[in-house]
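First up is the structure itself, then whatever we jot down about it.
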Amino acid sequence: MRVALAASPLPGLRASTVCHVAREAWRSERPRDSLRCRPTSDGVASAYSESGVYELLGLDELVERGGPLRRFAGVSQKKIAFDWIESLPGPFCGDSTALGEDIAWALGRGVDEIVVALGVPGGIGDLGVGMIGAIAQARRGVGQEDGSRRAGESRRAGGAAGLGKTSEKPDVAEAADVADLAGLVADARAAVGTVCLSVVVGGRQRLMGMSGLARAWMREGLDGRRAQEAERSIGEAADRLVRAANATPGKDLAGRRLSTRGPHSGAGGGLALGLEAVGGRIVPVGDVVHSSLEGWAEGADLCVYVCGRVGDELPGGAAGAIRRAQEAGLPVVLVYDCGSLRRGELAGLGLNGAYEMRPERSFLDEPETPESAAAVRDRLGEAIRTVARTWGW
137 MRVALAASPL PGLRASTVCH VAREAWRSER PRDSLRCRPT SDGVASAYSE SGVYELLGLD
197 ELVERGGPLR RFAGVSQKKI AFDWIESLPG PFCGDSTALG EDIAWALGRG VDEIVVALGV
257 PGGIGDLGVG MIGAIAQARR GVGQEDGSRR AGESRRAGGA AGLGKTSEKP DVAEAADVAD
317 LAGLVADARA AVGTVCLSVV VGGRQRLMGM SGLARAWMRE GLDGRRAQEA ERSIGEAADR
377 LVRAANATPG KDLAGRRLST RGPHSGAGGG LALGLEAVGG RIVPVGDVVH SSLEGWAEGA
437 DLCVYVCGRV GDELPGGAAG AIRRAQEAGL PVVLVYDCGS LRRGELAGLG LNGAYEMRPE
497 RSFLDEPETP ESAAAVRDRL GEAIRTVART WGW
């Protein structure tokens with residue numbers, strides 16, 4: 137039997153390690169079967185592990201970028217990726233200047249593609265204005281320290297965290313803000329130029345409204361009063377950014393205008409909107425996984441996908457793998473950590489079977505611990521052996 141298996145990270149286990157454990161468990165039951173295993177990502181950071189974005193993109197070399205967030209870059213000759221999924225822990229946790237410095241550094245290396253992976257909901261909150269300023273200042277030849285300071289001033293002028301008016305004529309002050317921001321956007325777009333800037337997002341996250349950032353932050357514990365203030369501040373800052381971006385030459389060839397209404401514009405705490413403003417292209421992680429799994433299902437008899445927690449929707453990477461299997465007309469089995477998946481839902485999700493590793497954690501509101509994460513390896517092996525016995529022939 138030929139099995140195509142793909143896996144995203146689990147608590148305490150990298151995606152490549154999950155593949156190794158799954159391969160060994162399957163072969164302990166069916167040693168003559170052939171397995172083709174690929175590491176993927178669901179665009180979320182697993183506890184005591186990672187998001188898997190670098191492995192998904194095939195970037196083995198990591199370069200430490202330093203800074204307060206201890207940032208890293210996945211590097212190849214023509215592509216550089218920045219995994220900001222783990223760097224955005226909560227609402228208003230800082231500004232985005234460091235990301236702009238990362239992108240400027242990547243542009244200086246002459247790469248063809250830059251990938252920025254953002255978490256949902258994320259927590260920067262300045263909508264990428266600091267990032268835009270840092271890229272623009274780098275193009276203008278300003279030193280890094282001075283560039284960071286000026287980018288911070290730009291964020292305070294137009295970002296969600298600093299919206300107070302400093303003029304007795306608010307309309308005049310706002311017009312100046314928009315004009316200054318438009319200049320930064322123009323310079324940042326010119327700096328990016330023809331480089332492909334891909335913004336990988338783990339799921340949908342709107343910027344405003346009932347499914348917007350403020351509501352998402354409330355679910356993570358933000359006080360209701362502060363959430364209302366955040367909604368208002370984000371709306372004002374987003375309006376300025378959109379007006380500045382749409383007044384700036386250099387929009388994409390399709391002539392699309394920047395909008396706050398996109399289903400992913402709130403990803404990374406609104407960083408997705410700022411990246412779109414300088415020419416970034418939003419790419420759901422499921423599409424990246426689907427592309428990376430080209431040839432994965434060829435000649436296989438069964439597809440298996442391993443992932444972490446399943447919430448209201450399937451993880452993004454799982455959706456991409458299921459599409460690949462369906463295109464090949466193959467059955468798909470999901471092995472997941474825990475969640476609220478019901479048997480009656482499987483057919484509608486394109487699944488032929490589902491196996492839960494740790495059902496006792498499905499409705500627990502307790503954080504993962506090193507001890508609980510250490511048990512995942514054994515649970516994974518048990519689940520894979522069950523699948524092998526059930527689906528093997």
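Note that our numbering has the sequence shown beginning at 137, numbered continuously upward.
Cβ coordinates follow ideal geometry from the N, Cα and C atoms, glycine included.
Whole angstroms is fine: what's the gap from LEU320's alpha carbon to MET267's?
10 angstroms
- Query: On the premise that VAL512 lies in contact with PRO147, defined as a C-beta separation below 8 angstroms, what is that separation, rounded to the nearest angstrom?
  - Reply: 5 angstroms
ALA209 versus TRP529: straight-line alpha-carbon distance, rounded = 43 angstroms
For ALA544, which option in GLY484, GLU200 and LEU254 has the closest C-alpha, if you only look at C-alpha atoms? Outside the displayed span of the chain (137 to 529) sits residue 544, for which this structure offers no information.
task: Could you pull the start and end residues of the alpha helix (DSSP H) that SER152 belongs to?
output: 151 to 165
TODO: Please classify GLN213: is it buried, with 16 or more other beta-carbons within 10 angstroms of its beta-carbon, or exposed?
DONE: exposed
Run of the beta strand (DSSP E) containing PRO175, from where it starts to where it stops:
170 to 175
Check your understanding: What three-state label does DSSP hand GLU365 in the structure shown?
Key -> helix
Per DSSP, what kind of secondary structure is PRO495 in: helix, strand or coil?
helix
- request: Could you say if the stretch 171 to 184 and the stretch 431 to 444 meet the contact criterion of at least three C-beta pairs nearer than 8 angstroms?
  value: yes
Checklist line | Simplified DSSP assignment, three categories, for SER428 | finding: helix
- Task: Go to ARG201, then tell me how far its alpha helix (DSSP H) extends in each direction, as first and last residue.
- Result: Looking at the DSSP string, ARG201 is not in any alpha helix (DSSP H); the run it does join, the beta strand (DSSP E), is 197 to 202.
| If you count every other CB in all the chains shown that lies within 10 Å of the CB of THR526, and 16 or more means buried, which is it? | exposed
Ordered along the chain, which non-local residues of its own chain (more than five positions away) have a Cβ less than 6 angstroms from that of PHE218? ALA209, ASP238 and VAL252
- Item | Terminal residues of the alpha helix (DSSP H) in which GLY244 lies | 233 to 244
Next item on the list: Enumerate in chain order the residues of its own chain whose CB-to-CB distance from ARG206 is below 8 angstroms, with the five nearest sequence positions on each side excluded.
Entry: GLU200
**Message:** Helix, strand or coil for ALA483? Go by DSSP, reduced to three states.
**Reply:** helix
*By a C-beta neighbour count over all protein chains shown, 10 Å radius and 16 as the cutoff for buried, is SER232 buried or exposed?*
buried
Quiz item: Should GLY371 be flagged as near chain D, meaning a C-beta pair shorter than 7 angstroms?
Solution: Within the model displayed, chain D is absent; a lone protein chain is all it includes.
_Opening and closing residue of the beta strand (DSSP E) in which GLY210 lies_ = 207 to 211
* Please report how far the alpha carbon of TYR472 lies from the alpha carbon of GLU492, in whole angstroms. => 5 angstroms
- Item | Residue burial classification, LEU149 (beta-carbon count within 10 angstroms, cutoff 16) | buried
Is the beta carbon of GLY422 sitting closer than 7 angstroms to the one on ALA461? no
Exercise for review: Could you say which of LEU394, GLY484 and SER187 lies nearest to GLY410 if we only look at CA atoms?
Suggested key: LEU394
| task | Using alpha carbons as the reference points, say which of VAL157, GLY398, MET137 and THR176 lies closest to GLU430. | result | THR176
### Task
Enumerate in chain order the residues of its own chain whose CB-to-CB distance from VAL256 is below 6 angstroms, with the five nearest sequence positions on each side excluded.
GLY338, GLY339, GLN341 and ALA403
C-alpha gap between ALA374 and ARG275, whole angstroms
24 angstroms
### Query
For GLY264, is the classification buried or exposed, using 16 other Cβ atoms within 10 angstroms of its Cβ as the cut-off for buried?
buried
Per-residue burial, ALA135 [other beta carbons within 10 Å of its own, 16 or more giving buried]:
The structure shown does not extend to residue 135, since the chain spans only 137 to 529, so no value can be given for it.
Tell me the rounded alpha-carbon separation between ARG355 and ARG166. 44 angstroms
_Contacting residues, own chain, Cβ-Cβ under 7 angstroms from VAL314 (five flanking each side not counted)_ = ARG376, ARG379 and ALA380
| Which one or two residues does DSSP pair with LEU477 in a beta bridge? | For LEU477, which the question treats as bridged, DSSP gives no partner whatsoever.
### Query
Rounded to a whole number of angstroms, what is the C-alpha to C-alpha distance between ARG392 and GLY398?
12 angstroms
* To do: Name the one or two DSSP bridge partners that ALA217 has.
  => GLY210 and VAL251
Contact check, LEU235 vs VAL335 under 8 angstroms by CB: the rounded distance? Wrong, their Cβ atoms sit about 11 angstroms apart, outside the cutoff.
### Task
Could you check what DSSP says for SER334 in three-state terms: helix, strand or coil?
strand
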